[in-house]
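Under UniProt numbering, the first residue of the sequence shown is numbered 1, with each subsequent residue one higher.
Positions of the beta carbon are idealized from the N, C-alpha and C atoms, including for glycine.
Everything on this sheet refers to the single structure shown next.
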Amino acid sequence: MDFYNEYYNDPAATQLKLLSDVFEKGDLFQRTGGLLVRQKSGWIRFHDRSGDTFRWRGENVSVSVVQDHISKLPGVQDCSVYAVKLPAYDGQAGAAAITPADLQTETEFSQQLYPSLRSSGLAFYQLPKLVCFRPAIETTATFKQSKVILESLPGSPDPDN
1 MDFYNEYYND PAATQLKLLS DVFEKGDLFQ RTGGLLVRQK SGWIRFHDRS GDTFRWRGEN
61 VSVSVVQDHI SKLPGVQDCS VYAVKLPAYD GQAGAAAITP ADLQTETEFS QQLYPSLRSS
121 GLAFYQLPKL VCFRPAIETT ATFKQSKVIL ESLPGSPDPD N
């Protein structure tokens, strides 16, 4: 296969990304997690990531990995990580809503956030570009964190710009 070789020393992981006989017998598709759009000109362009990941400056970022690192920091009661579109940037930027255990520590926490995340193993491109503090993280009727509410908070970029 020309487009996608394989995971290094892991043929089983490679096979998990390939789908056979989807539309007709003998076809083969690669599950990349990328959503592509065919343009009127015939070109195909990258549009977005599917699932709980986003793409920032050419790198794929897992929301759950970033959220896990933030949750383990001292002074964090709860957090939610999500992606937002920023004007003039390709892809999406990471944003984090954090409920600190003690509201008095927001300033001190803010000063230590990026150094703490870098020393915990996050790469620079994985760091959230926007951070807000919330008294609580809103949840849906099924107790999942509501990313829709967070994405519409004041100060979040307008996704249509």
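Same chain only: Cβ atoms within 6 Å of residue i, ignoring 5 sequence neighbours per side
i: Ser-20; result: Leu-28
i: Cys-132; result: Ala-97
i: Val-22; result: Phe-29
Residue i - containing beta strand (DSSP E), residue span
i: Leu-18; result: 18-20
Residue of the options minimising C-alpha distance to residue i
i: Gly-75; options: Trp-56, Val-66, Ala-101; result: Ala-101
i: Gly-91; options: Ile-44, Ser-41, Pro-11, Arg-55; result: Arg-55
i: Ser-110; options: Pro-128, Ala-123, Gly-26, Gly-121; result: Pro-128
i: Cys-79; options: Thr-105, Ala-88, Ser-119, His-69; result: His-69
i: Lys-72; options: Phe-46, Leu-117, Gly-42, Arg-38; result: Leu-117
i: Gly-58; options: Gln-126, Ile-137, Thr-139, Thr-105; result: Gln-126
i: Pro-135; options: Pro-115, Glu-106, Gly-26, Ser-120; result: Glu-106
i: Gly-121; options: Pro-87, Val-65, Gln-112; result: Val-65
i: residue 162; options: Ala-12, Leu-86, Arg-38; result: Nothing in the structure corresponds to residue 162, since the chain is present only between 1 and 161.
i: Leu-113; options: Gln-67, Ala-93, Tyr-89, Gln-39; result: Gln-67
i: Phe-124; options: Glu-24, Ile-137, Ala-93; result: Ala-93
For residue i, the first and last residue of its enclosing alpha helix (DSSP H)
i: Leu-130; result: Segment 130-133 is the beta strand (DSSP E) holding Leu-130; no alpha helix (DSSP H) there.
i: Leu-127; result: Counting along the chain, Leu-127 falls outside any alpha helix (DSSP H), and DSSP gives it neither H nor E.
i: Glu-138; result: No alpha helix (DSSP H) contains Glu-138, which DSSP labels as neither H nor E.
i: Thr-107; result: 106-119
Cβ shell of residue i (< 8 Å), same chain only, five flanking positions each side left out
i: Asp-10; result: none
i: Gly-42; result: none
Close beta carbons around residue i, own chain, < 7 Å, minus the five adjacent residues each side
i: Asp-160; result: At Asp-160 the pLDDT is 44, less than 50, meaning the model places this residue with poor confidence and gives no usable figure here.
i: Gln-77; result: Thr-99, Pro-100, Ala-101
i: Glu-108; result: none
Strand pairing of residue i, partner residues [DSSP]
i: Phe-29; result: Leu-19
i: Leu-36; result: Phe-46
Proximity test, residue i beta-carbon vs the ligand ATP heavy atom, cut-off 6 Å
i: Asp-102; result: With respect to the ligand ATP, the structure shown offers nothing to examine, as it has no ligands at all.
Any C-beta of chain C under 7 Å from that of residue i
i: Gly-75; result: No chain C is present in this structure, which holds just one protein chain.
Legend entry - Every unbroken alpha helix (DSSP H) inside the region 42-100 [4 residues or more]: Counting only runs of 4 or more, we get 63-71.
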